[in-house]
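Student: The C-terminal position of the sequence shown is numbered 487 in the working numbering, with every residue numbered one higher than the one before it.
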Amino acid sequence: MTVEILKNYINGKWVESETEKTRDVINPANGELLAQTPLCTKEEALFAIKAAKASFWRWRTTPAQSRIRYLYDFRDALEENFDELAEMVTLEHGKTLDESRGEYRRTIENIEAATHIPSLQMGYNFEDIASGIDEMVIKQPLGVFFCVAPFNFPVMVPAWFWPYAIATGNTYIVKPSDQCPISMVRQFELLDEIGFPDGVINLLHGGSEVVSTLIESPDTVGLSFVGSTRIGKLLYKKCGEMGKRVQVQGGAKNFITIMPDADIERTIPNIITSFYGNTGQRCLAGGVLLTVGDIHEPIKKSLVEAAVQIKIGKGIDEDIHMGPLASKSGMDKVLSYIEKGIEEGAELILDGRNIKVDGTLSEGFFIGPTIFDKVTSDMVIAQEEIFGPVIPIINVKNLDEAIDIINANRYGNASSLFTSSGKAAREYQYRVLAGNIGINIGVAAPIATFPFSGMKDSFKGDLHGQGRSGIDFFTEDKVVISRWL
Ligand code: NAD
3 MTVEILKNYI NGKWVESETE KTRDVINPAN GELLAQTPLC TKEEALFAIK
53 AAKASFWRWR TTPAQSRIRY LYDFRDALEE NFDELAEMVT LEHGKTLDES
103 RGEYRRTIEN IEAATHIPSL QMGYNFEDIA SGIDEMVIKQ PLGVFFCVAP
153 FNFPVMVPAW FWPYAIATGN TYIVKPSDQC PISMVRQFEL LDEIGFPDGV
203 INLLHGGSEV VSTLIESPDT VGLSFVGSTR IGKLLYKKCG EMGKRVQVQG
253 GAKNFITIMP DADIERTIPN IITSFYGNTG QRCLAGGVLL TVGDIHEPIK
303 KSLVEAAVQI KIGKGIDEDI HMGPLASKSG MDKVLSYIEK GIEEGAELIL
353 DGRNIKVDGT LSEGFFIGPT IFDKVTSDMV IAQEEIFGPV IPIINVKNLD
403 EAIDIINANR YGNASSLFTS SGKAAREYQY RVLAGNIGIN IGVAAPIATF
453 PFSGMKDSFK GDLHGQGRSG IDFFTEDKVV ISRWL
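#1: State the DSSP-derived secondary structure class of residue 149, mapped to helix, strand or coil.
#2: Is residue 456 near the ligand NAD - that is, is its Cβ less than 6 Å away from at least one heavy atom of it?
#3: Taking 7 Å as the threshold (C-beta atoms), are residue 66 and residue 201 in contact?
#4: Enumerate in chain order the residues of its own chain whose CB-to-CB distance from residue 219 is below 6 Å, with the five nearest sequence positions on each side excluded.
#5: Is the beta carbon of residue 185 sitting closer than 7 Å to the one on residue 157?
#6: Can you list, in chain order, the residues of its chain whose CB lies under 7 Å from that of residue 368, leaving out five sequence neighbours each side?
#7: At which residues does the beta strand (DSSP E) containing residue 487 begin and terminate?
#8: Does the Cβ of residue 245 have 16 or more other Cβ atoms within 10 Å, making it buried, or fewer, making it exposed?
#9: How is the beta strand (DSSP E) around residue 177 delimited, first residue to last?
#10: What first and last residue would you give for the beta strand (DSSP E) that runs through residue 277?
#11: So, are the CB atoms of residue 468 and residue 164 less than 7 Å apart?
#12: Any heavy atom of the ligand NAD closer than 6 Å to the beta-carbon of residue 198?
#13: Using only the alpha-carbon positions, how far apart do residue 411 and residue 4 sit?
#14: Which residue's Cα is closest to the Cα of residue 118: 102, 147, 69, 103?
#15: On the DSSP bridge list, what partners appear for residue 247?
#16: Tell me whether residue 63 is buried or exposed, calling it buried when 16 or more other Cβ atoms sit within 10 Å of its Cβ.
#17: Ends of the beta strand (DSSP E) at residue 396?
#18: Taking only the alpha-carbon atoms, compute the straight-line gap between residue 229 and residue 136 and give it to the nearest angstrom.
#19: Give every residue of the same chain whose Cβ lies closer than 6 Å to the Cβ of residue 213, excluding the five residues on either side of it in the sequence, and list them in chain order.
#20: Hey, how far is the Cα of residue 434 from the Cα of residue 409?
#21: Report the residue from 342, 473, 305 whose alpha carbon sits nearest the alpha carbon of residue 274.
#22: In chain order, what residues of the same chain lie with their CB nearer than 6 Å to the CB of residue 316, ignoring the 5 residues before and after it?
#23: Check whether the Cβ of residue 179 sits closer than 6 Å to any heavy atom of the ligand NAD, and report yes or no.
#24: Between residue 352 and residue 373, is the Cβ-Cβ spacing less than 7 Å?
#25: So is residue 46 buried or exposed if we call it buried at 16+ other beta carbons inside 10 Å?
#26: Output the boundary residues of the beta strand (DSSP E) element that contains residue 203.
#27: Which value, in whole angstroms, describes the spacing of the CA atoms of residue 463 and residue 477?
#28: For residue 153, is the beta carbon positioned less than 6 Å from some heavy atom of the ligand NAD?
#29: Thinking C-beta only, is residue 247 closer than 7 Å to residue 224?
#30: For the alpha helix (DSSP H) that contains residue 108, what are its first and last residues?
#31: Helix, strand or coil for residue 186, going by three-state DSSP, please let me know.
#32: Tell me residue 25's beta-bridge partners as DSSP assigns them.
#33: Does the region 140-150 touch the region 102-119, meaning 3 or more C-beta pairs lie closer than 8 Å?
#34: Within 10 angstroms of the Cβ of residue 362, are there 16 or more other Cβ atoms? Answer buried if so, exposed if not.
#35: Helix, strand or coil, according to DSSP, for residue 161 in the structure here?
#36: Between the region 421-431 and the region 270-288, do three or more beta carbon pairs fall short of 8 Å?
Structural data, given as structure tokens:
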């Protein structure tokens with residue numbers, strides 16, 4: 003059987019890589035080899051940069067109204083192929099079909115938001131700053147931008163960036179996850195059919211070699227990175243040294259707090275979705291549950307009752323609720339955290355190990371819902387990102403103790419509070435050091451017109467993705483002061 007080695011899409015053409023280095027793309031539901039990602043060479047990265055740079059001026063001088071016509075066409079193509087595209091994400095990532103559909107909805111939302119560029123990219127002006135002198139700001143594109151994307155939302159995450167970059171008049175290189183690149187290849191087939199001018203939007207597969215080349219090139223402007231904090235910090239430093247614009251959205255440990263006055267019945271489904279949605283592989287997933295005071299016991303009981311109802315299976319089957327982990331290494335990492343939790347003395351009250359799928363132990367990378375009680379804030383499972391379906395529960399005395407634990411953690415991506423008290427809610431959003439706050443919302447995911455925030459080790463940079471910050475990232479504010487005699 004020959005396995006397809008995925009191609010790059012550069013300067014409007016599909017190009018085979020000459021590299022000998024590849025990474026296997028595996029269907030996590032059954033261990034099947036789907037394709038191979040070429041880990042492209044420095045020369046191939048330079049070729050992509052050259053193409054994107056060469057197309058910049060013509061694209062930048064194309065009126066925005068014409069640029070966004072391509073995005074409208076792409077949006078229509080995504081809608082027309084919606085079911086097939088969602089299945090492809092499920093195949094390579096393992097998430098349920100409903101989760102893949104949700105990912106595509108958010109992708110389309112970003113394409114649509116970028117079509118508003120004629121108003122989003124507007125500058126401002128003021129007349130008579132001195133007698134007969136006017137001043138204005140124009141927001142101009144800068145050149146070649148690129149993203150380096152993670153495996154967990156293989157199509158949505160690049161769409162946080164590339165539609166805005168090209169709508170504002172820049173050209174772009176997408177470096178997809180080497181673990182889950184197939185859906186992005188399919189997106190580029192659709193982009194190719196739409197007929198974007200050559201070089202405006204390019205696809206380049208690879209690992210550290212191509213990323214270093216993209217950062218080190220004098221012909222690129224900036225990087226949008228989404229992935230682990232460890233890699234993100236390395237690239238942030240490199241971008242600083244090279245004088246590049248950079249936004250790094252890193253890892254997370256999101257604390258979810260439940261006050262004694264929360265409505266238990268309404269809260270539990272939110273907690274289940276927060277911790278177990280996408281099999282826990284979301285940067286906005288719940289990471290630790292903080293129960294305040296006496297609500298601990300009833301929450302624990304209801305949570306276990308709800309978790310055992312979750313149907314685990316292959317994402318492609320419509321009636322399942324939770325798919326496998328996306329890779330064997332991801333599964334092994336989660337298993338090692340479960341071992342660590344036991345070793346540290348937390349009480350394993352629901353064990354998702356050795357889970358059976360369709361009545362048998364599967365070839366796929368499955369772990370069922372797992373819950374630890376009697377966790378303390380100094381334990382590794384309360385500190386580090388597990389990225390799997392595990393709920394560590396810490397019982398705290400009051401809201402102050404909860405906020406102290408949250409703010410002491412190195413990450414600050416998201417945090418949620420469940421309560422019926424407006425006072426507690428205000429206190430929480432005021433004091434908690436996390437970029438995305440949910441009040442009676444388990445997954446605080448900003449829509450495309452708001453920035454995807456993040457603080458501490460979850461974000462490095464000044465301008466976030468999406469929203470007005472996203473537009474500022476891809477443009478320079480140029481000031482013009484004029485006097486006509
Ligand atoms: P990762 O850091 O392993 O990989 C991310 C990207 O970096 C990939 O494209 C990979 O090819 C590239 N890469 C890996 N090593 C590199 C190196 N040495 N030099 C240059 N590039 C390199 O992350 P992942 O496992 O794909 O994604 C999971 C992580 O992403 C989790 O930590 C999750 O929290 C985070 N994430 C964050 C957000 C957010 O918005 N904050 C969103 C989604 C995922």
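Beta carbons: idealized from backbone N, C-alpha and C, even for Gly.
Tutor: Judging by the given coordinates:
#1: Residue 149: strand per DSSP, three-state reduction.
#2: Between the ligand NAD and the CB of residue 456, the shortest heavy atom gap is smaller than 6 Å.
#3: Contact: no.
#4: The beta carbon of residue 219 sits closer than 6 Å to the beta carbons of 51 from its chain, once the five residues preceding and following it are set aside; these are given in chain order.
#5: Yes.
#6: The answer, listed in chain order, is 314, 326, 357, 359.
#7: Element bounds for residue 487: n/a, residue is neither H nor E.
#8: Its Cβ having fewer than 16 others within 10 Å, residue 245 is exposed.
#9: Segment 173-177, the beta strand (DSSP E) holding residue 177.
#10: Segment 266-278 is the alpha helix (DSSP H) holding residue 277; no beta strand (DSSP E) there.
#11: Going by C-beta atoms, residue 468 is not nearer than 7 Å to residue 164.
#12: Judged by the Cβ position, residue 198 fails to qualify as a neighbour of the ligand NAD at the 6 Å threshold, every heavy atom of the ligand being at least this far.
#13: Inter-residue distance for residue 411 and residue 4 is about 47 Å (C-alpha atoms, whole angstroms).
#14: Nearest option by C-alpha distance: 69.
#15: The partner list for residue 247 (beta bridge, DSSP) reads 224.
#16: So residue 63 counts as exposed.
#17: 392-398 is the span of the beta strand (DSSP E), which, as asked, contains residue 396.
#18: Near 44 Å, if we compare the C-alpha coordinates of residue 136 and residue 229.
#19: Excluding sequence neighbours, residue 213 sits near 150.
#20: Those two C-alpha atoms are separated by around 6 Å.
#21: That would be 305, whose Cα lies nearest to the Cα of residue 274.
#22: Excluding residues within five positions, the ones whose Cβ falls inside 6 Å are 31.
#23: Residue 179: yes, Cβ under 6 Å from the ligand NAD.
#24: Yes; because the gap between Cβ atoms is below 7 Å, this pair is in contact.
#25: Buried, because 16 or more other Cβ atoms sit within 10 Å of the Cβ of residue 46.
#26: Annotation for residue 203: the continuous beta strand (DSSP E) segment containing it runs 203-205.
#27: About 15 Å.
#28: The answer is yes for residue 153.
#29: The criterion of a C-beta distance shorter than 7 Å is satisfied by residue 224 and residue 247.
#30: Looking at the DSSP string, the run of the alpha helix (DSSP H) that includes residue 108 is 99-116.
#31: Assignment of residue 186 by DSSP, reduced to helix, strand and coil, places it in the helix class.
#32: Paired residues: 39.
#33: No contact exists between the region 102-119 and the region 140-150.
#34: Classification of residue 362: exposed, given that the 10 Å Cβ count is below 16.
#35: Secondary structure at residue 161: helix, using DSSP grouped into helix, strand and coil.
#36: By the C-beta criterion, the region 421-431 is judged not to be in contact with the region 270-288, since fewer than 3 inter-stretch pairs fall below 8 Å.
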